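For reference, the structure discussed in these notes is given below.
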Amino acid sequence: MSAALEALLASRIYENGRALRRTTLRHTHLADPPLGIVMWRLGGERFRAAAVAWGPLGGPFRLAVAGEPRNRDLYFAALAPLAADLCARARRTAGLTVARQRGSRTEFIPADALQIVVPNQTTIAALGLLGRYLAYLSDRGGVTPDPTLIEAGKHLRFYTRHARVPGQSLIVPLDRLVSEHWATLLSPFEQANLAALDAQIEPPLGVHAFDASAAAEALARIGPEPTEDIDRVTDTLMAEFNAARGGNTTRPVVEPLIGPLRDHYRRLIEPVWELMGRVVAREQQLPAAPSVRRRFEGDREAFGRHTEWVTSGGRYRTTDTPRQAAMTLRRLEDAQARYEAERAVEDAAFMIPHLLSGDAVRGVVASVSEQRVQGRVNRVRRALIALDSDDPVILPVGKKLWWTATAGDHPWEVQAVHPHGASSRITLMLCAAPTPARLPTVDERITLSTLHTRPDAYRLPLPQDPPWTHQPVIPPPQPEPIDAGDAQTPPAAVDGTQVPDPGRYA
Amino acid sequence: MTHRMIQPGRASETALDRVRGQAPAMRPNVRRLAAFASVHTCPTAAVAFAARIDTNRVLVGTAAEMPYGQSPFAIGRGVAFENLLRRYGHAELRRVLTDGLGVDFSLAAIENLREGYQPNRTGLTLRASVTRNRMAEIVAAPPEPIVLDGAVLRADIGGLAAFFEADEMAIGVGGQIIVGENKSWPVVDGRPADEDALGAALDQAATYVLLGRRTLDQAGVDPGRISDNIVLVTPRNTGLTPVIHRQDVGSRVRRVERLLGAVPDMNDIAASIPPSVTFDRIADVTLPEEARLDAFGEVTETLGRVYEPASCLTSCGFAWACRRCIFAAGDPSIAGGLVARTLPGIVGLGRVAELGRGAPPSPAEAPAAVPVARAGRLYDEAMPASQAEERRPA
């Protein structure tokens, strides 16, 4: 992020009255159509999805409403269709594989992966908690839970954990996707509201982006955490529902009574569903960056490993061991560095912050020459270029820079920097034997930066038995069910005006 | 460690009452104090805090009214969790404290200060007195630990006396006092389900630690008797079964101390408020919306405002109204503090746009204008279509 660029974009949005694109390419894979999920929780109840809508985006959604989500029987009955559909889609998608050659080894990975799209990052966290709850259900009350619920819980947990991988496209929070692709007058806190973001991008005719987003922010309800006004209605409808069913949880009794609650949540979800479809359709119009394919292949691979593990009855730890945590952190950091590099190398708009910060230089090649220099053993051929930069630069001798056209190849090393009129002349030497593909031509305008997309060297895996310094006093607990509280009586809703200080329960 | 406890003078109180007018009043509590600490550099927020104005409700009925309520289910969960801890003679609270602190609380004296006292200033004063006396008993090393449920700490915030209600104070645990905070969000696999909520709870507990230490100091007792290790009592997993967590909040206590030290003196604020400033018209629901928002603009224009989206939008009920004013003025801080700090000497976003198109800067603008102009050139190079955007009046 460059403050100067942000200031410029803010000033232009202020002047023009609408958001501006940050990118020239789309850096996230978008399926056609992805599986959309919208969720509303009951206030304060982190594990209770009061309503879940799902389905291929762009079409109608299916809706699961439990009525009283704190009642285990009603909750599971409502979630069962979602679980069954999610499991079927995951298995079907993972079932179709393609061969991939890795050296002398042939491996099979899914030809596609089930992509989930949600309105915001908060929904991902909510799905993660729901997944944690479902993935390790106990046989409470002597009733074995529906296995598809458990499998769906494992899928949701996998998706939410995978969401941490920079550049992944398996689960796409649209607030982040839009914030990455568009500059708006919204702060990161305000960007969590997808309706406000969308209003800045396409404000009504004659309305400034600021006014449009302020209006959207005041009116739109995105979920998953309900506001007071929503749950006041829910409270009334739920009380009527619970009184009418009289403790009965059977489908013939519950189904005719649940209509008002279902209508309540349908009214909340319909505008969000339409908004998500519009946002995805708009971003799909942008051409995908070349590296999207590589990153999605990584997603497919992870998806294939996961479905294979889960369908064979595998379980995941709920707390990482120190070894797992260290390896995960390294994997995420590597993915972050590569994602940043790929975006900047492929998309001129993403290179701007690096050019402004001095991590990149752009200029015109004044000359290309070749000379022999002393290598480790023999004298070797090396190419030299003189680059006339657009702006004056300060670069230390010996600094390694990668030409964006060969960012996955060898770097160029700074040999000298001299003032050249109002700019600088930089002499760079290629750190490999010159080939035509590695050399720019005279008068070509090129960009070099510290970013490269070359995979790092093979790293040895960490030892299976970490040293005592990295062994916890208490080993991580085995995964356990967390549903013991399902047997407790749900707390009654309390009107905030009836307690002396409702803020104390925040 | 000594602290002043100055009551605001009569003149100051009158001035602040006049400023508040018919705007809804509020009683300070730790959450409001924490919220104010986030925006204490804003003169308007400081005046509103000094005049005890409930910023959430002043703009009710206007487009700038921010949502601030809480789900009745969330409140119900919180109430149910606290009732669970208290029922059967605080049996659950005794159990978790015994398990978590390694001291037997089964026979501990538990005083529920939330009952038996009037819900007004007199009641709070009495509860604060009981809390101070019980805390002072630490010197005598009571034979059994004491737990104060609903301890009240009296503190001086910018010269203004205020009462703060802590959930628990366990006194006499290994010669120390432990501050406890109850929260109804769950902990799963040893981790909170909501990390933001955890941070807010630890900040609250740190404030109680600091205020408790000041109370002990005034009573002539070693303030170090209050431990940095506080206790969080939360439900575990899906139900409400409580579980305890110890957490060191030492660094947060130091941060809260710095923030409270930065709170301006209320008498100074009262003396500096121009006579024309009042929130009366802003809160007057009989006036048209535009008139109320205009009145807000005039008040903040007179007092001054500091808009920082990250803190204002989460902590101040005036944030949306300030945002409107900031936007109308073309103030760069609409895009955040980082952007605003990048543009010293440049008066507004309109001028930034001109400089971004290559307009010659004035000497005062020059340092900030160079990177902006370069950013403009690079952006236009990357996105030539941007210049063709339809221009709309701001």
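Note that the protein sequences, when read in sequence, are chains A and B. With this note's numbering, letter number 35 in the first sequence gets 154, and the count goes up by one each step, no holes. With this note's numbering, letter number 376 in the second sequence gets 457, and the count goes up by one each step, no holes. Just so it is clear, CB atoms sit at the ideal spot from N, CA and C, and this is done for glycine as well. In this text the structure is predicted, and so the values were computed from the model without any measurement.
For B:T319, the closest Cβ of chain A is nearer than 8 Å. A Cβ-Cβ distance of about 5 Å is found for the pair B:G102 and B:T359, placing them in contact under the 8 Å criterion.
Apart from sequence neighbours up to five positions away, the residues of its chain that approach A:L144 with a beta-carbon distance below 8 Å are L405, P406, A407, A408, E465, D466, ordered along the chain. Along the stretch 231 to 255 of chain A, going in chain order, the ones with a CB nearer than 9 Å to a CB of chain B are A244, L248, R251, Y252. The C-beta distance from B:G231 to B:E246 rounds to 6 Å, short enough to fall under 8 Å. Partner residues in the beta bridge of B:M250, as assigned by DSSP, are B:L229, B:V260. Sequence-distant Cβ neighbours of B:P316 in its own chain, meaning closer than 8 Å and more than five residues away, are F162, S265, W266, P267, V268, T322, P323, V324. By the rule that beta-carbons nearer than 8 Å mark a contact, B:D270 touches chain A. Residues of chain B with a Cβ closer than 9 Å to the Cβ of A:L338 do not exist, since the nearest Cβ in that chain sits about 10 Å away. For A:D354, the chain B residues whose Cβ falls inside 8 Å of its Cβ are P153, F154, in order along the chain. Around A:E563, the same chain offers V484 as residues with beta carbons nearer than 6 Å, after the five sequence neighbours per side are excluded. In this structure A:P574 is exposed. Its beta-carbon is surrounded by fewer than 16 other beta-carbon atoms within 10 angstroms. A:G155 carries a strand assignment under DSSP once its states are collapsed to helix, strand and coil. The continuous beta strand (DSSP E) containing B:E192 extends over residues 190 to 193.
DSSP places B:F154 in the helix class (H, G or I) of the three-state scheme. Residue contact check for B:R327 against chain A: no CB pair falls below 8 Å.
For A:I565, there is no enclosing alpha helix (DSSP H); the residue is part of the beta strand (DSSP E) that begins and ends at 564 to 568. Contact note: A:V512 does not reach chain B at a C-beta cutoff of 9 Å; the least C-beta distance is about 12 Å. Using a CB distance cut-off of 8 Å, B:A247 does not count as an interface residue toward chain A. Relative to A:V372, the option among A:L193, A:G174, A:L124 whose CA is nearest is A:L193.
A:R221 and A:R449 have their alpha carbons spaced roughly 22 Å apart. DSSP, read as helix, strand or coil, puts B:F244 in strand.
A:P229 is bridged by DSSP to A:T216. Taking a beta-carbon distance threshold of 8 Å, B:Y388 does not count as an interface residue toward chain A.
Contact note: A:T346 reaches chain B through P148, G150, S152, using a C-beta cutoff of 8 Å and chain order. If you check each beta-carbon in the stretch 428 to 447 of chain B against every beta-carbon of chain A, the ones closer than 7 Å belong to L430, G431, V433, A434, G437. Going by DSSP, A:F277 is part of the alpha helix (DSSP H) stretching over 266 to 281. Near chain A, meaning a CB-to-CB distance below 8 Å, the residues of the stretch 414 to 425 of chain B are I415, A416, G417, L419, V420, R422, T423, L424. For A:E489, the secondary structure class from DSSP, reduced to helix, strand or coil, is strand.
When C-beta distances to chain B are compared with 7 Å, the residues of the stretch 470 to 486 of chain A below that value are I471, L474, L475, in chain order. Contacts with chain A at 8 Å (Cβ-Cβ) do not include B:Y169. For A:A202, the CB contacts under 6 Å within the same chain, skipping 5 residues up- and downstream, are T267, L268, A271 in chain order.
B:V453 reaches chain A at A123, A126, L127, counting residues in chain order whose Cβ is nearer than 7 Å. When DSSP reads this structure, A:D294 sits in no beta bridge, so it has no partner. Contact residues of the stretch 133 to 147 of chain A toward chain B are Y133, E134, N135, G136, R137, L139, R140, T143 (C-beta to C-beta distance below 8 Å).
Look at A:Q607: its C-beta is under 8 Å from a C-beta on chain B.
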